[in-house]
Amino acid sequence: MTRGYAVRMTAAVSIIFAALGSAGAQDASAERLDDRPMFASGQDAFEKTCARCHYDGENTVGPDLFRSDAEYDPDIIIFFARNGSGPMPAFTESMIDNATLEDLAAFVVDNGKGAPQ
Amino acid sequence: MSSERDVSVVPDGVSKADFLAAIGQFEGIVGADNVLTAEDRLTPYYKTMMPVEDADYAMSAVLQPTTTEQVQAIVRVCNEFGVPVWPTSTGRNFGYGTYSSGNAKGHRHQVIIDFRHMNRILEVDAELGTALLEPGVTYQQLVDYLEENDIALWVSCPAPSAIASPVGNTLDRGVGYTPYGEHFMMQCGMEVVLANGEVLRTAMGGVEGTNAWQVFKWGFGPYLDGIFTQSNYGIVTKMGLWLMPRPPVYKPFCIQFPDDDDIASIVDMMRPLRISNTIPNAVVFAHALYEAPALFPRSKYYDGKGAMPKELIEKMKQEEGFGAWNIYAALYGTQEQVDVNWKIVTDAVRAHGKGKIITEAEAAGTEPFEYRAALMRGGMNMQEFGLYRWRGGGGSMWFAPVTVAKGSETMAQTKLATEILNKWGFDYCGEYIVGMRDMHHIIDLLFDKYDEEDTQNAHACMTELIDEFRKRGYAVYRTNNEFMDQVADCYGPVQRQVNQTLKRALDPKGIIAPGKSGIAV
């Protein structure tokens, strides 16, 4: 995934910040990242955030979502991610955005049961 | 205009009418959708790992501002209605309090400020190796940015890295594992919203037209950045960080030592290598009981009550190939520099006589070497989440006393901690993270939060650890919300008094995170 974040200063924004404090020089027209997925894909988010606990056979912390016999509904995956359960922390939208989480849930549902080994 | 929302709790000392009036104004500032009060939207923020009733730490609302100006407006409303706010960056302070909103002594149910919408990477200067970030930026987003823009700089991240915030971790004076691992040392320049709504830019940030805000830490006159870390004197809305140039050669390695008592000679062997910057990074000395949770649950070797018996720890070490102490360090630089330093390191290990060196090639992709090697170059991974499965039940508190980098000190601290933890039925899951002349002795007090007795024991154990260490002149560098008062006491009445004086001067109504680090009006 390509993300071309803008980074450099613009005069217009400098003026705004000159009114706030004084420095201003480094303030840029950088965009907020809200509208961008926080991870490259649901799979990427799973690998970086969930896999340690939910993908490793006998060494998983919670249920192994890829070897369990259970069939998962995406809404259930999203619910547990957002709210936690037992030792599982809750993951807010500050950590995983909604779009990525939905993609992550779809990834688990599509690939979870019985595969990949 | 007062809000008509149905709220389940209100901050201590604030009437429901005033709280709803404040909520109404917050809605006008950040928009109704960025004022969370409904149970289903608060629940993700609600969970703690501390041995407490989570209900005591429930927040009354969450605000999600977008700009510094909105934060200024929020604190003005807070002053008007006496509503306390507890700012978080992304809030992933696992084991150090998570989203708790102050301790339960009259400061319950604060409003959380979640900076998820203030997530701009304002500038990265590839030549100077500096960055200016908002608090909602995660380590993952910063790394993605560097990679996508082909900028040859590394971040230094803590273990639960991808979802944590560089600004938040630095403000809590957290550490990472690269040569830039002492994160606050690599911070330069802040923008802070003060309790009166004014915006302070620290150091060179006060000079109109400056381009040195992210390169010169001190400015002129008193150095102020430090008072905004681990404190409640203002709300940091921007922070400058230094980033490490990616070295041409990176050589991670492990040295294993077989016996618990080796820790003393290990520290004395490694200290000169660290102080001379032969080994430049934040080295880790991980005990076998810190290595194991990254790989498997305790039940693989012991499923009984209480601490894991010593003979089973020995059995585990033998079967899993762990040392009693497992040193992770790395060399950085040109091939010539790395070659010279590698000889110095290996000569020192040979002279010691007991260490077994494991190179990256010899580790051959196995854990825990792989995740340690990743962390020492700022790589994202969640391998250490295995700690939460070691005992089960989701309870975790970091007991993190500072120690002097001398072998005799580490021997004394390790024995004392093990004794107290074992007495209460807990394992010594500990490691040392090496600074220049100090070490952070990091112990994860893991307990089953769903077992009432275990939870009570964990609370009592933490209390005793803090007290007994204090008697011997040791204190922790950081703690979770439940123990902030007790830890603040360790640093003496004069420090507490000065902290309170600053609080009264900068935030006379005590609206920013009252109780944080034991500081209140």
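Order-wise, the sequence lines are chains A and B.
Each step along the first sequence adds one to the number in the working numbering, with nothing skipped, and position 59 is 74.
Each step along the second sequence adds one to the number in the working numbering, with nothing skipped, and position 270 is 272.
Backbone N, C-alpha and C fix where the C-beta goes; we use that ideal spot for every residue, glycine too.
None of the values given here were measured: they were computed from a predicted structure.
In the three-state reduction of the DSSP assignment, residue 80(B) falls in the helix class.
Between residue 67(B) and residue 16(B), the C-beta gap is not smaller than 8 Å, which leaves the two residues out of contact. When Cβ pairs closer than 8 Å are counted between the two stretches, the region 249–260 of chain B is seen to touch the region 324–337 of chain B, the count reaching three or more. Residue 316(B) sits away from residue 54(B), with the two beta carbons spaced by 8 Å or more. When Cβ pairs closer than 8 Å are counted between the two stretches, the region 165–178 of chain B is seen not to touch the region 34–51 of chain B, the count staying below three. The beta carbons of residue 42(B) and residue 50(B) sit no closer together than 8 Å. For the region 83–99 of chain A, residues whose beta-carbon sits nearer than 7 Å to a beta-carbon of chain B comprise 97, 98, 99. Here residue 98(B) is actually not in contact with residue 392(B); their C-beta atoms are around 18 Å apart, not less than 8 Å. CA-to-CA, the gap between residue 218(B) and residue 205(B) works out to about 8 Å. With respect to the C-alpha of residue 432(B), the residue from 292(B), 186(B), 64(B), 345(B) having the closest C-alpha is 292(B). Within the same chain, 126, 128 come within 7 Å of residue 153(B) by CB-CB distance, once the 5 residues on both sides are set aside.
Membership of residue 29(B) in the alpha helix (DSSP H) is indicated by the continuous run 18–32. When the five nearest sequence neighbours on each side are left out, the beta carbons in the same chain lying within less than 8 Å of the beta carbon of residue 344(B) are those of 253, 333, in order along the chain. Within 10 angstroms of the beta-carbon of residue 320(B) lie fewer than 16 other beta-carbons, which makes it exposed.
For residue 405(B), the enclosing beta strand (DSSP E) has its first and last residue at 404–406.
Comparing alpha-carbon positions, the option among 192(B), 89(B), 310(B) lying closest to residue 134(B) turns out to be 192(B). Judged by DSSP in its simplified three-state form, residue 76(A) adopts coil rather than helix or strand.
Rounded to whole angstroms, the gap between the alpha carbons of residue 200(B) and residue 77(B) is 10 Å. Counting C-beta atoms within 10 angstroms of its own C-beta, residue 88(B) has 16 or more neighbours from the protein chains shown and is therefore classed as buried.
8 Å or more divides the Cβ of residue 136(B) from the Cβ of residue 118(B).
Counting other Cβ atoms within 10 Å of its Cβ, residue 475(B) stays below 16 and is therefore classed as exposed. Residue 131(B) counts as buried, since at least 16 other C-beta atoms from the protein chains shown sit within 10 angstroms of its C-beta. Here residue 480(B) is buried: its Cβ has 16 or more other Cβ atoms, across all protein chains shown, within 10 Å. Interface annotation, residue 101(A): in contact with chain B, CB-CB separation under 8 Å.
Checking the DSSP bridge columns, you'll see residue 190(B) has no partner listed.
Under the Cβ distance rule, residue 117(A) does not count among the residues neighbouring chain B, no pair being separated by less than 8 Å. Residue state for residue 446(B) is assigned as strand, using DSSP reduced to three classes.
At least 8 Å separates the CB of residue 80(A) from every CB of chain B.
Assignment of residue 208(B) by DSSP, reduced to helix, strand and coil, places it in the helix class. Using a CB distance below 9 Å, the part of the region 122–151 of chain B facing chain A consists of 122, 123, 124, 125, 126, 127, 132, 134, 136, 138, 139, 140, 142, 143, 146, 147, 150, 151, ordered along the chain. For residue 398(B), the beta-bridge partners assigned by DSSP are 448(B). Proximity of residue 116(B) to chain A, defined by a Cβ-Cβ separation below 8 Å, is satisfied. As summarised for the region 221–247 of chain B, there are no continuous alpha helix (DSSP H) elements at least 4 residues long confined to that stretch. For residue 40(B), no CB of chain A lies under 8 Å from its own CB, so it is not counted at the interface with that chain. Every beta strand (DSSP E) of 3 residues or more that sits fully in the region 333–368 of chain B is shown, in chain order, as 358–361.
Here residue 337(B) is exposed. Its C-beta has fewer than 16 other C-beta atoms within 10 Å.
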